[in-house]
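Please read the structure below before turning to the comments.
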Amino acid sequence: MGFSFLPKDENFFVLFSKQAELAVAAANLFLEITSKGVYDEESVKQMRSLEHQADEVTHEIIERLNKTFITPFDREDIFTLTKELDSVIDMIYTITNRMRVYKIQEINADLVEFAKVIDKSVRALTVAIESLKDTKRPQAALDSCIEVNRLENIGDNMRDAILGKLFETATDPIYLVKWKEIYQFAETVLDICEDVAHVVESIIVKQA
Amino acid sequence: MGFSFLPKDENFFVLFSKQAELAVAAANLFLEITSKGVYDEESVKQMRSLEHQADEVTHEIIERLNKTFITPFDREDIFTLTKELDSVIDMIYTITNRMRVYKIQEINADLVEFAKVIDKSVRALTVAIESLKDTKRPQAALDSCIEVNRLENIGDNMRDAILGKLFETATDPIYLVKWKEIYQFAETVLDICEDVAHVVESIIVKQA
Amino acid sequence: MGFSFLPKDENFFVLFSKQAELAVAAANLFLEITSKGVYDEESVKQMRSLEHQADEVTHEIIERLNKTFITPFDREDIFTLTKELDSVIDMIYTITNRMRVYKIQEINADLVEFAKVIDKSVRALTVAIESLKDTKRPQAALDSCIEVNRLENIGDNMRDAILGKLFETATDPIYLVKWKEIYQFAETVLDICEDVAHVVESIIVKQA
Chain P
80 MGFSFLPKDE
90 NFFVLFSKQA
100 ELAVAAANLF
110 LEITSKGVYD
120 EESVKQMRSL
130 EHQADEVTHE
140 IIERLNKTFI
150 TPFDREDIFT
160 LTKELDSVID
170 MIYTITNRMR
180 VYKIQEINAD
190 LVEFAKVIDK
200 SVRALTVAIE
210 SLKDTKRPQA
220 ALDSCIEVNR
230 LENIGDNMRD
240 AILGKLFETA
250 TDPIYLVKWK
260 EIYQFAETVL
270 DICEDVAHVV
280 ESIIVKQA
Chain V
80 MGFSFLPKDE
90 NFFVLFSKQA
100 ELAVAAANLF
110 LEITSKGVYD
120 EESVKQMRSL
130 EHQADEVTHE
140 IIERLNKTFI
150 TPFDREDIFT
160 LTKELDSVID
170 MIYTITNRMR
180 VYKIQEINAD
190 LVEFAKVIDK
200 SVRALTVAIE
210 SLKDTKRPQA
220 ALDSCIEVNR
230 LENIGDNMRD
240 AILGKLFETA
250 TDPIYLVKWK
260 EIYQFAETVL
270 DICEDVAHVV
280 ESIIVKQA
Chain Z
80 MGFSFLPKDE
90 NFFVLFSKQA
100 ELAVAAANLF
110 LEITSKGVYD
120 EESVKQMRSL
130 EHQADEVTHE
140 IIERLNKTFI
150 TPFDREDIFT
160 LTKELDSVID
170 MIYTITNRMR
180 VYKIQEINAD
190 LVEFAKVIDK
200 SVRALTVAIE
210 SLKDTKRPQA
220 ALDSCIEVNR
230 LENIGDNMRD
240 AILGKLFETA
250 TDPIYLVKWK
260 EIYQFAETVL
270 DICEDVAHVV
280 ESIIVKQA
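Sequence lines, in order, name chains P, V and Z. Just so you know, the first sequence maps onto residues 80 to 287 in our numbering. Just so you know, the second sequence maps onto residues 80 to 287 in our numbering. Just so you know, the third sequence maps onto residues 80 to 287 in our numbering.
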């Protein structure tokens, strides 16, 4: 193994890549589950496995951060980035598990739409995070952040339209309480993706 | 233009003043909208415009923060101050928009009361923020922070009384779900104002 | 009084001990109140008194932090530790008060179970925080943090089971809305306890 000036930095990037991959896997699985409308023990177990793996990577990043003097970006930014990225996966897990708790057994077209937007947003995040390796060419990262922000806006409008419809048409208040929460959770995933994008943007501005 | 030791500091104050003004404008508009009970597309559009302007100022503050070596206060405090102040406006926007989504078309006396307390709290915050320019005479800022804390307590009691009444008298659960959320959001605005006041207090203590 | 190298550090420990004691007192009182099922003005008053005392200790810790150059741990960690510990007490107060607002007058076996888990978690936290005085022997602190994490998992499963049952059996939607919120608040106490444990773990890793 040759000498490297930045072995520790590289490790951070490897760990962030792993975490981003797990976020993509969670978003993929969520789209698959919602498309089938099957929120059983098995679906939740698969999602929980991704969530546990992501927890371990987050833990590794924070532990390394606490023991490393020289970091590729601001310590605070690394901490926030890994925490927020972990929250994306946590929130996707939370929704899946809540669907099981509510014993939902149906394909909900609105939720499938949300799952598609979440999937796109998490993919864009991954591009943004990968692009951090080469902060001298930040355009790809910045474009991806803009895309994440755009998708969050779309999510806001979707939630408003769907909640409006729900409150206008629902006759069963218990059904309404369940789905109100689920839709709001789904939009929250996109909010957290936007928070991740903001950290990426902030890292790029500081490196400029 | 003469030489100045603190040109960058001054700019931060100008930007914080702008942000505080936008918060006052949002609180004013919210009081006006609730007093009329008209939560239509037009009202939401006006509020969204304020919210967008505030986003831009926040963005400018953070970008400047990332590029500036010497700041008038702790970097962390500047970051938290602008973020929390932005959240005040975001939350006021969120309520207004949610009222539109819920197709509410009535004057709700309890919400008007909340809007009045929010208006007072945001005004007090503005005084606190303006007073930060002269940290050698912190009394005005501290008095305003005490006022913001006092109004948050009033908001807590209002929410408790209003929720108690709502749960005791409501017969329509869907109506209850809507208004429970709206009242809690309204109290959250006052909580965030209190968070802003805490940052101001912390800045003053550090300068003492 | 003899000379000490660390008078200020000791003071932080004394204050953290006080705060942890108040958290234990709040958890104890919550268990007592839920066991009796009496959520009246008097119960809330007692809890509010603990919450006020905790606010004062938090305030003292932050003020001291702002004025102290040398701190026993990272400033950021001290700040987060006191804030999160305060949030534990705030949340316990919030639940108690909300029960009064909802005019609940019954013993709820599920909530008593939650109160027992909260009580255990807060006790474990106290051990973790006390153990910070001797970071050279961190095992006791780490074991307690593991216990807090374990109890949070138990809380998650309890909430899922209880919410599942509630949504399956409830016929009164207003009853459901009340208790859904209460159970979720109860689980949130355990989430915040886990956040405190994470800060403790992070302090220990940095001292290693």
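Just so it is clear, CB atoms sit at the ideal spot from N, CA and C, and this is done for glycine as well.
In terms of beta-carbon proximity, F264 of chain V stays away from the interface with chain Z, with every pair separated by 8 Å or more. When V:V279, V:K182, V:T137 are compared, the shortest CA-CA separation from Y118 of chain V is found for V:K182.
Counting every other CB atom within 10 Å of its CB across the protein chains shown gives F148 of chain P a total below 16, marking it as exposed. In this structure, L211 of chain V sits near V279 of chain V, with a CB-CB distance shorter than 8 Å. DSSP, reduced to helix, strand and coil, places A287 of chain V outside both helices and strands of the structure shown, so it counts as coil. Taking a contact as a CB-CB distance under 8 Å, the pair Y172 of chain P and E130 of chain P counts as one, their CB atoms being some 4 Å apart. In this structure, the straight-line span from the alpha carbon of S281 of chain P to that of Q132 of chain V is close to 20 Å. Against chain V, the CB of L242 of chain P has a partner CB under 8 Å away; the residue lies at that interface.
Sixteen is the threshold: since fewer than 16 other Cβ atoms of the shown chains lie within 10 Å of the Cβ of S114 of chain Z, the residue is exposed.
Contact of E111 of chain V with chain P is not assigned, every C-beta pair being separated by 8 Å or more. For E185 of chain P, there is no enclosing alpha helix (DSSP H), as DSSP marks it with neither H nor E.
L242 of chain Z and L101 of chain Z have their C-alpha atoms some 30 Å from each other.
With contacts defined by Cβ atoms closer than 8 Å, A99 of chain P and I208 of chain P form a contacting pair. Here A188 of chain P is exposed: its Cβ has fewer than 16 other Cβ atoms, across all protein chains shown, within 10 Å. Interface with chain Z (8 Å Cβ-Cβ cutoff): I261 of chain P is excluded.
The beta-carbon of K257 of chain P is placed no less than 8 Å from the nearest beta-carbon of chain V. In summary, the residues of the stretch 125 to 149 of chain P whose CB is separated from some CB of chain Z by less than 8 Å are I141, E142, N145, K146, in the order they occur in the chain. With a cut-off of 8 Å on Cβ pairs, the stretch 259 to 277 of chain Z is not in contact with the stretch 132 to 146 of chain Z, counting fewer than three such pairs. The beta carbon of L269 of chain V is closer than 7 Å to those of V196, I197, S200, L230, E231, G234 in its chain, skipping five residues each way along the sequence.
V206 of chain V is not a Cβ neighbour of E273 of chain V, given a cutoff of 8 Å. I174 of chain P sits away from A105 of chain P, with the two beta carbons spaced by 8 Å or more.
Counted as a single uninterrupted DSSP element, the alpha helix (DSSP H) harbouring R179 of chain Z occupies residues 154 to 180. With its beta carbon less than 8 Å from one in chain P, V180 of chain V belongs to the interface. Inter-residue distance for L204 of chain V and L164 of chain Z is about 27 Å (C-alpha atoms, whole angstroms). The Cβ-Cβ distance between D239 of chain P and N90 of chain V does not fall below 8 Å.
V123 of chain Z: member of the alpha helix (DSSP H) spanning 120 to 146, first to last residue. Comparing alpha carbon positions, the residue from V:P151, V:S128, V:E247, V:L108 closest to V93 of chain V is V:P151. When C-alpha distances from A194 of chain P are compared across P:E266, P:R216, P:H277, P:Q218, the shortest belongs to P:E266.
Of all alpha-carbon atoms in P:S96, P:K97, P:V180, P:S122, the one lying nearest the alpha-carbon of L108 of chain P is that of P:S122. S96 of chain P and V103 of chain V have their C-alpha atoms roughly 43 Å apart.
With fewer than 16 neighbouring CB atoms inside 10 Å of its own CB, T248 of chain V falls in the exposed class. Chain-order list of chain Z residues neighbouring V284 of chain V: I141, E142, N145, K146, by C-beta distance under 9 Å.
Between M237 of chain P and E185 of chain P, the C-beta spacing is not below 8 Å.
For A249 of chain P, the residues of chain V that pass the 8 Å Cβ criterion are I253, in the order they occur in the chain.
Taking the C-beta atoms as reference points, M126 of chain V is found no nearer than 8 Å to I271 of chain V. One finds D235, D239 in chain V with Cβ atoms closer than 9 Å to the Cβ of N176 of chain Z, taken in chain order.
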